[in-house]
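Residue numbers (this note's numbering): 1 to 167.
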């Protein structure tokens, strides 16, 4: 019932990202049936932790239609997350383990990051200045809908601004 009240209008009754309000948004709501989560502290091949999901639910994703649900009580959040975990068979794997990171020395890593940005072809989508206007930007899609690359010059980032959250 909590999922139906707070989530289904965007994510759909079965979590496919096709709720009645989904078409109104530039970015499609996450298809929870796929079990693919962008903002997590675990490796790309692993499911997020409960703490990752709670952070997204309570804080939202700035710049998207995923608004903060900080009015929900902890028990309500737990109930919603329990239901979300029934929507994809990937949850049978269980959550992954958070990647342990040391606080980076940004002054040392900035030149390496610039080199990696160039080698990985990030500018194709994000553009040379990181503002989201690269030559491939207009061709991006997600779940069959247009997708816009992030403007890396604007804050807050969707997943958070701490170096660990960005990583």
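Note that beta-carbon positions come from the ideal geometry of N, C-alpha and C, so glycine has one too.
Beta-carbon proximity list for residue i, same chain, < 7 Å, skipping 5 on both sides
i	result
residue 155	161
residue 98	41, 42, 49
residue 19	8, 9, 10, 11, 12, 29
residue 135	124
residue 101	164, 167
Residue i (DSSP reduced to helix, strand or coil)
i	result
residue 95	strand
residue 145	strand
residue 108	helix
residue 73	coil
residue 9	helix
residue 18	coil
residue 59	helix
residue 163	helix
residue 103	coil
residue 66	coil
residue 2	helix
residue 79	helix
residue 151	coil
Cβ shell of residue i (< 8 Å), same chain only, five flanking positions each side left out
i	result
residue 54	77, 81
residue 46	40, 93, 95, 96, 97
residue 143	17, 28, 31
Cross-strand partners of residue i (DSSP beta bridge)
i	result
residue 156	Answer is none; residue 156 lacks a bridge partner.
residue 47	95
Own chain residues within Cβ distance below 6 Å of residue i, not counting five before or after
i	result
residue 131	151, 153
residue 25	65
residue 27	64
residue 59	68
Integer-rounded CB distance, given that residue j should sit under 8 Å from residue i
i	j	result
residue 159	residue 39	4 Å
residue 33	residue 51	At roughly 22 Å, the Cβ-Cβ gap does not stay under 8 Å, so residue 33 and residue 51 are not in contact.
residue 2	residue 79	5 Å
The ligand SAM heavy atom lying under 7 Å from the CB of residue i
i	result
residue 65	The model depicted lacks the ligand SAM and carries no ligand whatsoever.
Beta carbon proximity, residue i to chain D, threshold 8 Å
i	result
residue 125	Of the protein chains in this structure there is only one, and it is not chain D.
Quiz item: Is there contact here, the stretch 108-121 with the stretch 84-98, by at least three beta-carbon pairs under 8 Å?
Solution: Three or more beta-carbon pairs separated by less than 8 Å are not found between the stretch 108-121 and the stretch 84-98, which leaves the two stretches without contact.
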